[in-house]
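K.L.:
Per my numbering, the sequence shown runs over residues 45 to 1201.
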Amino acid sequence: MPSPTLTRRGRVVVAVCVVGVGMALAASGRSIEAVVLPSAVALAAGYVQLARIEEPAARRSLPPEGFVGETGEVRLSFHSRGAGELSPTYVADVADALDDGLEGPTEPVRTSVGDAPATYRVRYLRRGEREFGPVTVTASDVFGLFERQAVIESFDATLAYPACREIPTWFRRALYADDAVGASRRREEFDRLREYARGDPLRDVHWPATAKHGEIVVKAFAAETERGRVAIAGEAGGEGAGTARETERGSDRNPADDLASAAASLALALLDDGVPVDLTLPNGEVSADPGARGRRAVLELAARTRPGTVGDDEADVRVVADERGARYRVGDRAVAFDEVAGATVRGAGDGETSVDEAATGPPDDGSGAAVADDGGAGETAPGGAPSADRSEVIADEGRRSAAWSGSDEGRAPADGDLAAAGGGRRPPVLGVAVGHAAYLSVFLAATDGRGRRRRGARRRSRVAGAAGFLLARYVGERAALRLTVVLFAATLAGYYFAIPESQRALFSVRRVAIDVVSLLTGLSILRLALADVWVLAVAPVPTFLVGYLVGRGRHVAAAGAAGGTLAFLVLTGDAGGTTTLVGVVGVALAAGLSTLSMPGGIRDHGDTLAAVLAAMVLVSATLTLLPAGAAQPWGIDRGTPTLESSIEADDEVEVVGPTRLSPEVRYTIESPVAANWHAGAYDTYTGDGWVRSGEQSPLDGPLDGPPGNATRVNVTITAETESPSLPAPWQAVDVRGPAAQTARVDEHGTLRLAEPLGAGESVTVESRVPDADPAALRSAGTDYDPAIEERYTQLPESTPDRVGERTEEIIAASNAETPYDRAVAIERYLREEYEYSLTVRKPDGDVADAFLFEMDAGYCVYFATTMTAMLRSQGIPAQFVTGYSEGERIGEDRYVVRGQDAHAWVKAYFPGHGWVTFDPTPAAEREETRTARLADARAAGDEDVDVPASEPARGAPSIVPEAGVNDPSSTTADVPNDSNGTAATGGDAADAAAPGDTAVGARQEGLTRGAVGGEARPSGDGSPIPSRETVAYWLVAAVIGVTGARRFGVGRRARRAARLRLPWVSSDPATDARRAFADLEYLLGRRYRERRAGETPRAYLDALRLRGLDERALAVGETYERATYAGTVTRAEADEARRTVRRLALEATPVLGRLFD
45 MPSPTLTRRG
55 RVVVAVCVVG
65 VGMALAASGR
75 SIEAVVLPSA
85 VALAAGYVQL
95 ARIEEPAARR
105 SLPPEGFVGE
115 TGEVRLSFHS
125 RGAGELSPTY
135 VADVADALDD
145 GLEGPTEPVR
155 TSVGDAPATY
165 RVRYLRRGER
175 EFGPVTVTAS
185 DVFGLFERQA
195 VIESFDATLA
205 YPACREIPTW
215 FRRALYADDA
225 VGASRRREEF
235 DRLREYARGD
245 PLRDVHWPAT
255 AKHGEIVVKA
265 FAAETERGRV
275 AIAGEAGGEG
285 AGTARETERG
295 SDRNPADDLA
305 SAAASLALAL
315 LDDGVPVDLT
325 LPNGEVSADP
335 GARGRRAVLE
345 LAARTRPGTV
355 GDDEADVRVV
365 ADERGARYRV
375 GDRAVAFDEV
385 AGATVRGAGD
395 GETSVDEAAT
405 GPPDDGSGAA
415 VADDGGAGET
425 APGGAPSADR
435 SEVIADEGRR
445 SAAWSGSDEG
455 RAPADGDLAA
465 AGGGRRPPVL
475 GVAVGHAAYL
485 SVFLAATDGR
495 GRRRRGARRR
505 SRVAGAAGFL
515 LARYVGERAA
525 LRLTVVLFAA
535 TLAGYYFAIP
545 ESQRALFSVR
555 RVAIDVVSLL
565 TGLSILRLAL
575 ADVWVLAVAP
585 VPTFLVGYLV
595 GRGRHVAAAG
605 AAGGTLAFLV
615 LTGDAGGTTT
625 LVGVVGVALA
635 AGLSTLSMPG
645 GIRDHGDTLA
655 AVLAAMVLVS
665 ATLTLLPAGA
675 AQPWGIDRGT
685 PTLESSIEAD
695 DEVEVVGPTR
705 LSPEVRYTIE
715 SPVAANWHAG
725 AYDTYTGDGW
735 VRSGEQSPLD
745 GPLDGPPGNA
755 TRVNVTITAE
765 TESPSLPAPW
775 QAVDVRGPAA
785 QTARVDEHGT
795 LRLAEPLGAG
805 ESVTVESRVP
815 DADPAALRSA
825 GTDYDPAIEE
835 RYTQLPESTP
845 DRVGERTEEI
855 IAASNAETPY
865 DRAVAIERYL
875 REEYEYSLTV
885 RKPDGDVADA
895 FLFEMDAGYC
905 VYFATTMTAM
915 LRSQGIPAQF
925 VTGYSEGERI
935 GEDRYVVRGQ
945 DAHAWVKAYF
955 PGHGWVTFDP
965 TPAAEREETR
975 TARLADARAA
985 GDEDVDVPAS
995 EPARGAPSIV
1005 PEAGVNDPSS
1015 TTADVPNDSN
1025 GTAATGGDAA
1035 DAAAPGDTAV
1045 GARQEGLTRG
1055 AVGGEARPSG
1065 DGSPIPSRET
1075 VAYWLVAAVI
1085 GVTGARRFGV
1095 GRRARRAARL
1105 RLPWVSSDPA
1115 TDARRAFADL
1125 EYLLGRRYRE
1135 RRAGETPRAY
1145 LDALRLRGLD
1155 ERALAVGETY
1165 ERATYAGTVT
1175 RAEADEARRT
1185 VRRLALEATP
1195 VLGRLFD
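1. If R43 and Y880 are in contact, beta carbons under 8 Å, what's the gap, nearest whole angstrom?
2. Below 8 Å on the Cβ atoms is my contact criterion, and I expect E805 with A763 to pass it. Report the Cβ-Cβ distance as a whole number of Å.
3. Grouping DSSP H, G and I as helix and E and B as strand, with all else coil, what is S562?
4. Could you check where the beta strand (DSSP E) with A101 kicks off and where it finishes?
5. Are the Cβ atoms of A136 and S184 separated by less than 8 Å?
6. Give the DSSP-derived three-state secondary structure of Y903 in the structure shown.
7. If you follow the beta strand (DSSP E) that Y168 is in, where does it begin and where does it stop?
8. What is the DSSP secondary structure of F122, reduced to helix, strand or coil?
9. If you check the beta carbons only, do F962 and M899 fall under 8 Å apart?
10. How big is the Cα-Cα spacing for A606 and A723?
11. Inspect the CB distances between the region 775-792 and the region 819-828 and report whether three or more fall short of 8 Å.
12. Would you tell me roughly how many angstroms separate the C-alpha atoms of P751 and D815, rounded to the nearest one?
13. Who are the near neighbours of W959 in its chain, counting only those whose CB is closer than 6 Å to its CB and skipping five residues on each side?
14. With a 10 Å radius around its C-beta and 16 neighbouring C-beta atoms as the bar for buried, classify Y1202 as buried or exposed.
15. Just confirm the distance between the C-beta atoms of S917 and G985, as a whole number of angstroms; I'd bet it's less than 8 Å.
16. Which whole-angstrom value describes the C-beta separation of P82 and L625, a residue pair presumed to lie in contact below a C-beta threshold of 8 Å?
17. By a C-beta neighbour count over all protein chains shown, 10 Å radius and 16 as the cutoff for buried, is L613 buried or exposed?
18. Inspect the CB distances between the region 153-167 and the region 209-221 and report whether three or more fall short of 8 Å.
19. Kindly indicate which three-state DSSP category G1050 falls into: helix, strand or coil?
20. Alpha carbon to alpha carbon, what distance is there between L637 and G393?
21. Tell me, which residues are paired with A946 by DSSP?
22. Check this for me: beta carbons of P768 and L797, under 8 Å apart or not?
23. Give the range of the beta strand (DSSP E) segment to which F176 is assigned.
24. Looking at C-alpha atoms only, which residue of A194, E930, C208 is the closest neighbour of R170?
25. Which value, in whole angstroms, describes the spacing of the CA atoms of R1149 and R1166?
26. CA-CA distance, R348 and Q193?
27. Report the start-end ranges of each alpha helix (DSSP H) in the region 338-397 that is 4 residues or longer and not cut off at the edges.
28. So, with DSSP's three-state summary, where would you put V991?
29. Kindly indicate the opening and closing residues of the beta strand (DSSP E) around Y134.
30. Rounded to whole angstroms, what is the Cα-Cα separation between G66 and F199?
31. Name, in chain order, the residues that DSSP records as bridge partners for N758.
32. Is the separation between the beta-carbon of L189 and that of A78 shorter than 8 Å?
33. Could you check where the alpha helix (DSSP H) with H599 kicks off and where it finishes?
34. To the nearest angstrom, how far is the alpha carbon of A336 from that of A307?
35. Judging by CA-CA distance, which residue of R53, F187, V62, L203 is the nearest neighbour of E109?
36. Which stretch, first to last residue, makes up the beta strand (DSSP E) that contains R192?
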């Protein structure tokens, strides 16, 4: 067989891999890896599957010889060209070449080569020798990504008889005298008059006495009389003889076909009457007596006849066929065959169902044609209506056959319908459902992130999917595709008119193109204006298409539509790694189940499919394509990220688990005030992270700054390493210097730089720092701007109610009445009730809920996230803010800010005063951790952890961490943030954890707190409890091991090897002797060769003696022969045979066999 080649489906997967790798390196990250790596595994597995197969030999089982128009079943079984069974078995499409006189299915038959035969139905279209072969076998892997094709030279032939029609009784009787008709003929005349049913066993005894009195006088039984033979001669000639012509019946026929049909019809009718026939046709002659053998002879001669003439002028009947049709000539009288003959008895009628429609139908059981009595009411006169069809014994030892009835019972379903393939249902729908659920969950998460319309999005998607499924019955695929495009355009138009008029004014083709590129390179859909409206508009469109394709039976295409939608969400960064992987597995599952859509396909190859799917998951969870730190695969920890990466990210903060420190210097800041240096704010809480929505615009002039009292300060920021952030006291209102030309402002009032600051570059920022006393904030009231209230009080609908209930309890306990007092109470509660720790496991579900109820320690991201959610639950507008704490003071109004100073805190909004800072993270423990990390870095001689003004004096004592403080990581390299702008944050860069810390991944439940740092350590015996991801990882590995072992027969071979080498329970001596020889045959097959088909045990052993067979094996063979053929084997002889085989097996065992030399 040639080497495996890619199918169209395989080429699509290769293209996905190539594009995915490019996007992973250029724009996105972990989610694209969840597409590329599983796809690469599927491709590799598909190639390996086909590389191992062998070209089979084919054996064809033909249907019985039949009449034109009848159908029969063809079976193609496959076996190894060598000895033994075909291994491994594989999925293949089988196409059998048919000549022009046969009609078969237009599509290949899918089967499991080596496990089951390929079965299809064929219809005889023309009489004569009909040839089958060669056979084309196109092998495929379980996903249909690769194929290997082999043409097997296997040929067979069968005979198709001409269509025969009813010849009326009046015409047949004219050919012989009535007084010569014997008892068998008279019996048929009285048949309709008797009372007993046809076939009654008493018929031959009582039939004369059971005739109805008054209608006929019954004569005594008479013996059969001898009758002479009827000679029939036929010829086909005239203009057009031997060439096809179009008849009124609409089929291609020629005079030779008319001759064959007319001659065979008359001859069979006479034979049925018990009259012998001599038939002479241009291709030969035959003398036929009544009975099955005579009928077969007549039909075979008629099937092979050709145009020509005969010289038999003495024939009783001459059949002449020319371009006008066939005619019977008896003496000087001529009657047209079409006028005399009735309906077709055996053969094709008009308006029949195609073989494709009957390809999987059951064989004809002979019940499709009506039976008519000769001489009864169904008889026809010349030119009259045809008589009813009849069914009778034909050709093959009493085999009954009926005309092809035209029924579509057994009709083949559309492609992909498994009902006729033995599946009963449509398993590929399962994969489609998984892929659909994956992308829909991302859409629903976007609506959930906006806090509303989740149920509306789900309801619209259901309606769209159901509508598509129903339309599949009435609308063609091209029309449906156009309808999908129109629907998509209409939804986008609806979204356009839903956004504010101020944003519609910015609409342009160039801006749309930029937005599209931005989405495809990592712009989250949550950053779109009215993201929930966009989801409500767009989500039903792919669901409609998926539902339509499922309704059409196009399951792989439906899974592809779902996968394409998910791929878009991967590029936007909204689809996480796990969701993406689930979707990819769903698409692969649909493709695999579609490939195995055949009888027994899942049973025979389901283990291979399961093993490859498990390998896809395992590889995606283990490997990474991106540089170190760009991805955080589940199941295996490869280092902890830093919060600092979220500060440099544009769009998102993803809350993760443990984190570490980076003591490298980032900035030197000159400021008259010491404050948290604000870098960015986030408004949309997703339950497991934060998203910054809205657009950026150029800074055309100084901002107004916060309302109320504020202090104006100028701050100089010098970047020590390249940085895109602009950390400054809140609120920065203007930028001066070279960077001012690229300064931009987002919708949250944060100044940003379009181009990062290079190392050593400086920029001056003007800030207006709010200066409101607590009394003023308490009296601020709750008259919030509606836009601010809607945007900054958002919580996902999935946020548990107990978050708000716990917040209300805290507020009630502190008697807080104003929003300010409530914020202070929440801030105090979190500082006092929770400890600071860097080694925490990321919780499942909502972060704020988990921190409040399931955790007792965390770092700044957890504290700030929880406080923001608690404030919003009380209707207080709040932001999640990232930036840096003030850092180390190195002079008057000068600060050095390191990566470990990265921080997260909260801002709450107060009417008339703007955004006010709250920091719920315990400050003392955080500062101690940072101090300890810096001391370790200095002691280790790490570079870039100091500027000249911050270096400790020579001889100064080292700072030693206090007992119980977190031992931060000695690793100084930062983990880069995702290139798509999504921050893989574990906590402050100020908040550190050692990469090898045993607390990483431990459950928060059961942790004991450290004295100062709050380090999380497992309780009890110190053994960490594995996370869900780790458990899932090893479960997937176990699935691969088990399915792989089953697929390659490891368990079976292991059991066989154990039985060969260990004693087993005895049975009777003869059975033990036969089992011993079977084990010996297995051993010899592995060492020499297997026993060939038809080869006796003695001949097999004698042949192996020439190759050095141990003489002890011959004794086992003799014992087997006595047990099998003589039955005289004794218990001692059987036990000796068992011991001999066991010793031979032990001697053949590697290493262990040396002990028996």
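Cβ atoms here follow ideal geometry from the backbone N, Cα and C, with glycine treated the same way. All values reported here derive from a predicted model rather than from experimental measurement.
P.N.:
In short:
1. Given a span of 45 to 1201 for the chain in the structure shown, any question on residue 43 remains unanswerable.
2. 6 Å
3. helix
4. 101-105
5. yes
6. coil
7. 162-168
8. strand
9. no
10. 38 Å
11. no
12. 10 Å
13. K951, Y953
14. Nothing in the structure corresponds to residue 1202, since the chain is present only between 45 and 1201.
15. With a Cβ gap of about 49 Å, S917 and G985 do not count as contacting.
16. 7 Å
17. buried
18. no
19. For G1050, the predicted model reports a pLDDT of 33, less than 50, meaning its position is unreliable; a value from the coordinates is still stated below. Residue state, collapsed to three classes: coil.
20. For G393, the predicted structure reports a pLDDT of 39, less than 50, and the residue's modelled location is therefore unreliable. A value from the coordinates is still provided. Their Cα atoms are separated by approximately 39 Å.
21. Y928
22. yes
23. 172-184
24. C208
25. 20 Å
26. 36 Å
27. 381-384
28. coil
29. 134-142
30. 51 Å
31. E810
32. no
33. 599-615
34. 17 Å
35. L203
36. 190-196
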